[in-house]
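Worksheet: one structure, shown below.
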Amino acid sequence: MKIIKDKKRIDEILERGVIAEILPDKKQLRNKLLSGERLSFYLGADPTAPALHLGHAQNLMLLEDLRKLGHKVIFLIGDFTGMIGDPTDKSATRQKLSSEKVKENFSDWKNQIKNILNFDDKENPVEIRFNSEWLGKLSFAEILELASNFTVQQMLERDMFEKRIKNQKPVYLHEFLYPLMQGYDSVVLDVDAELCGTDQIFNALAGRTLMQKLKKKEKFIIATNLIADEKTGELMSKSNGTGVFLNLSPNDLFGAIMAQSDGMIKPLLIGCTRISLKEIKEILQLKNPRDAKIRLAKEIVKIFHGKELAQKAEQYFIATFSKKQLPSQIDLFSINETQIKLIDFLVKAHLAQSKSEARRKIEQGGVKINQKKVTQFDFILTQKNNQKDVIQVGKKNFKKIFFGKN
RNA sequence: GGGUCGGUGGCAGAGUGGUCAAAUGCACCUGACUGUAAAUCAGGCGUCUUCGGACUUCGGCGGUUCAAAUCCGUCCCGGCCCA
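Going by our numbering, the first sequence opens with residue 1126, and the numbers climb by one from there.
As structure tokens, this is what we get:
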């Protein structure tokens, strides 16, 4: 395997702005990369949800950059750790997932990221590993041995635990073992470096400790910036509704990016595209930030779905949302009668979860039939001349109604 | 094991016999404004409804009461202190 040790390229990766911190030292890692030695890197993710998000994408793209240099890269699926739940997320305390659920969650992952990570490269494909392979086999004696490398005080230092203790929230014993497990992953994979978000540094450090003790090896930690609004510092996350998931359709992905605040444009351009820094600068200087965002959205959709679909998504977006036209393709929903209450239709066509919700939406002016607002909650849809009426709920949900068997 | 405080809607967190389908914040939904911006503002946010109401919900079960998230018993779970 040929290792690329081009200084310019390596510095581009290290200095792009994705990496927040390298432990123990950036220079050391740079020198290693320049040395021509083939290194191994890994990035892990726990399958706690069926979809990866742009935060993952950022890190995976960095992993791919390293793969392209010729280094060995591993994408570790935390199918064992996922069942326990990383305490980094405070709400995750006892959210243990079944192994079936975990499997279901990651079943689509590869599909979501196949365009940003090369799993099929002939010479140097990304390797996928599962940590149940080794974590599931550890004996109690071995776990004790691992645990003896850490003190309770060290674990308590983790700010998450500290916070919970302060707030009189439970900290479960098994949660202390989480950093241990993640650390042991490093040992088994015997990697030179681990990639992770800055919120994972504590766990990654546990791996550094174990590597030093068990393998007498210095493991680097490459910690990446969490994607956050430049101005407000608000993180991209599911809990504040700004998470962008990779299983979205091209149109929805485009829309999800357009709904980001302006402060997200730069971090996303840097982290989730490979547009040159020079061009990014130019994009950010565009007069209307909307145009910068459109450029960003198109680029990201292109990365995940290809140029053609990106083009289409842009057109769809402009037509549907900027010009408020009806989308050209609307799903048909057939009704086996000649008439139906609007409320019942909304529920049947999954445009509302319950009759009460359907009714509220109508009364609040969120429902349109053929672009005309309907506020009468007991409105009845009737068949007329085989015409297919377009029912719209909110800004983005459309269904065509069809009376009769389809 | 003992003492003590606690378990409330997706989350956080008020409420401690009727005025409680349960304050408030976050998330979510609809609308206004816009660039589907963000922010902001207005409304909504258990189910069903003949729009009068009806029914189900405050850890589980049982009880007291005309009336229980609220009181009592019991069980399950957690925090803190002691051992």
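The C-beta atom is built at its ideal place from N, Cα and C for all residues, glycine as well.
Look at the alpha carbon of residue i and the alpha carbon of residue j, and state the distance between them as a whole number of angstroms.
i                  : j                  : result
alanine 1176       : lysine 1226        : 13 Å
arginine 1219      : leucine 1302       : Low per-residue confidence applies at arginine 1219: pLDDT is 44, beneath 50, and the placement is therefore not dependable, though the value from the model is reported in the following sentence. Their Cα atoms are separated by approximately 14 Å.
lysine 1215        : phenylalanine 1286 : Note on lysine 1215: pLDDT 46, under 50, position unreliable in the model; the coordinate value appears next. Cα to Cα, lysine 1215 sits roughly 9 Å from phenylalanine 1286.
isoleucine 1346    : leucine 1314       : 14 Å
glutamate 1248     : methionine 1126    : 7 Å
lysine 1344        : glutamate 1319     : 7 Å
serine 1257        : alanine 1444       : 48 Å
lysine 1449        : valine 1492        : 15 Å
alanine 1217       : methionine 1336    : Because the pLDDT of alanine 1217 is 42, which lies under 50, any placement of that residue in the model is unreliable, and the number read from its coordinates should be weighed accordingly. Their Cα atoms are separated by approximately 27 Å.
leucine 1421       : glutamate 1404     : 12 Å
arginine 1484      : lysine 1473        : 13 Å
phenylalanine 1244 : leucine 1371       : 17 Å
leucine 1260       : lysine 1228        : 16 Å
lysine 1152        : glycine 1161       : 15 Å
glutamine 1436     : leucine 1298       : 51 Å
serine 1479        : alanine 1170       : 36 Å
alanine 1438       : lysine 1432        : 10 Å
serine 1273        : leucine 1476       : 55 Å
threonine 1334     : glutamate 1300     : 18 Å
phenylalanine 1205 : leucine 1330       : 19 Å
glutamate 1407     : aspartate 1416     : 12 Å
aspartate 1284     : lysine 1486        : 43 Å
isoleucine 1570    : glutamine 1293     : Because the chain spans 1126 through 1531 in this model, residue 1570 falls outside it and cannot be assessed.
lysine 1291        : leucine 1179       : 32 Å
aspartate 1150     : lysine 1262        : 34 Å
serine 1232        : glycine 1519       : 32 Å
lysine 1412        : valine 1277        : 54 Å
alanine 1384       : threonine 1367     : 8 Å
Taking the Cβ atom as the reference point for each residue, do residue i and residue j lie within a distance shorter than 9 Å?
i                  : j                  : result
leucine 1409       : isoleucine 1428    : no
isoleucine 1326    : isoleucine 1382    : no
glutamine 1517     : isoleucine 1494    : yes
leucine 1536       : phenylalanine 1275 : Past the boundaries of the shown model lies residue 1536; the chain is included only from 1126 to 1531, so the question cannot be answered.
proline 1172       : glycine 1203       : yes
valine 1369        : isoleucine 1455    : no
phenylalanine 1194 : isoleucine 1238    : Checking the sequence shown, residue 1194 turns out to be leucine, not phenylalanine. The answer is no: Cβ separation not under 9 Å.
leucine 1158       : lysine 1130        : yes
lysine 1418        : glycine 1388       : no
aspartate 1190     : isoleucine 1147    : no
glycine 1332       : leucine 1271       : no
isoleucine 1209    : valine 1316        : no
glycine 1490       : lysine 1498        : yes
leucine 1457       : lysine 1521        : no
histidine 1430     : asparagine 1240    : yes
Going by C-alpha distance, which of the options is nearest residue i?
i                  : options                               : result
leucine 1201       : Asp1310, Pro1250, Ser1459 and Phe1527 : Asp1310
glutamate 1252     : Arg1192, Glu1229, Asn1230 and Gln1237 : Arg1192
proline 1295       : Leu1281, Met1306 and Pro1304          : Leu1281
arginine 1155      : Lys1132, Leu1373, Ala1170 and Asn1328 : Lys1132
phenylalanine 1528 : Lys1480, Ile1128, Ile1465 and Lys1493 : Ile1465
threonine 1349     : Gln1153, Gln1489 and Gly1322          : Gly1322
glutamate 1140     : Val1472, Gln1237, His1178 and Leu1187 : Leu1187
arginine 1134      : Val1499, Ser1401 and Lys1437          : Ser1401
glycine 1358       : Tyr1297, Pro1375, Phe1231 and Ser1386 : Ser1386
lysine 1341        : Asp1416, Lys1498 and Val1312          : Val1312
glycine 1207       : His1178, Leu1179, Glu1433 and Ala1174 : Ala1174
tryptophan 1234    : Leu1373, Gln1279 and Asn1328          : Leu1373
asparagine 1376    : Asn1292, Arg1254 and Lys1423          : Lys1423
phenylalanine 1255 : Gly1519, Ser1224 and Lys1412          : Ser1224
glutamine 1279     : Lys1412, Asn1328, Lys1262 and Asp1136 : Asn1328
Write down the C-beta distance between residue i and residue j rounded to the nearest angstrom, noting that I regard them as a contact closer than 8 Å.
i                  : j                  : result
leucine 1339       : leucine 1351       : Actually they do not touch by this definition, with Cβ atoms about 30 Å apart.
isoleucine 1460    : phenylalanine 1470 : 7 Å
proline 1452       : phenylalanine 1523 : 6 Å
phenylalanine 1504 : leucine 1467       : 4 Å
alanine 1353       : proline 1392       : 6 Å
glutamate 1488     : phenylalanine 1502 : 6 Å
threonine 1507     : threonine 1463     : 7 Å
Next on the checklist: Would the segment 1179-1186 count as touching the segment 1391-1399 if we require 3 or more Cβ pairs under 8 Å?
Outcome noted: yes
Checklist entry - Are at least three pairs of beta-carbons, each pair with one atom in the segment 1155-1174 and one in the segment 1257-1271, less than 8 Å apart? => result no
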